[in-house]
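Participant:
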Amino acid sequence: MKVVMSSDTYGFELKEYLKKNLISLGHEVLDETPKNDHDFVDAATKVAEAILAEKADRGIIIDEHGVGSFMTANKFKGIICANVTDEHSAMMTRGHNSTKIITIGAGIVGKTLANEMCKTFVESEYDGGRHQIRIDMLNKMV
Numbered sequence: 063m064k065v066v067m068s069s070d071t072y073g074f075e076l077k078e079y080l081k082k083n084l085i086s087l088g089h090e091v092l093d094e095t096p097k098n099d100h101d102f103v104d105a106a107t108k109v110a111e112a113i114l115a116e117k118a119d120r121g122i123i124i125d126e127h128g129v130g131s132f133m134t135a136n137k138f139k140g141i142i143c144a145n146v147t148d149e150h151s152a153m154m155t156r157g158h159n160s161t162k163i164i165t166i167g168a169g170i171v172g173k174t175l176a177n178e179m180c181k182t183f184v185e186s187e188y189d190g191g192r193h194q195i196r197i198d199m200l201n202k203m204v
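One point on numbering: in this note's numbering, the residue at position 43 of the sequence shown is 105, and numbering is uninterrupted.
1. Just reading off the beta strand (DSSP E) that L87 is part of, what are its end residues?
2. In this structure, does DSSP put A144 in helix, strand or coil?
3. Reducing DSSP to helix, strand and coil, say where K64 ends up.
4. Note down the Cα distance separating F263 from D104, rounded to an integer number of angstroms.
5. For the pair the segment 107–116 and the segment 146–156, tell me if three or more CB-CB distances fall below 8 Å.
6. Apart from the five residues just before and just after V146, which ones in its own chain have a Cβ nearer than 8 Å to its Cβ?
7. Does the distance from the CB of S160 to the CB of I142 come in under 8 Å?
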């Protein structure tokens with residue numbers, strides 16, 4: 063699985079930790095963290111653009127609370143992004159919403175939980191079926 067990641071200044075340390083762990087699980091990681099300006103808007107934009115360009119299968123953005131990146135990523139037509147704070151949400155948003163990007167707040171969850179959330183999100187698949195109606199509705203929105 064190819065995963066694109068990015069972070070703002072507050073999420074940088076956690077992003078580096080998660081990146082290392084995803085690589086150790088055999089995933090390819092594309093790090094799109096802005097070089098000079100670690101703002102969540104720029105970080106989320108880089109991940110959303112990479113997903114839309116099909117440079118990666120999944121995206122993970124880390125900022126202090128996860129909410130700013132979540133709002134930014136969802137501004138892009140064709141992106142379904144969820145802010146997650148637990149493993150169950152990471153699994154369910156992928157399975158039911160075909161979410162390709164999650165955001166995590168480094169000031170909200172610790173390293174162990176964030177690691178499990180990333181692993182669960184990357185390894186979960188979209189369930190399809192009855193959920194496709196909602197996905198189609200979301201993707202029609204401007």
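The C-beta atom is built at its ideal place from N, Cα and C for all residues, glycine as well.
Facilitator: A quick look at the data gives this:
1. Element bounds for L87: n/a, residue is neither H nor E.
2. strand
3. strand
4. The first residue shown for the chain is 63 and the last is 204, placing residue 263 beyond what the model contains.
5. no
6. G128, A152, T155, I164, T165, I166, M179, F183
7. yes
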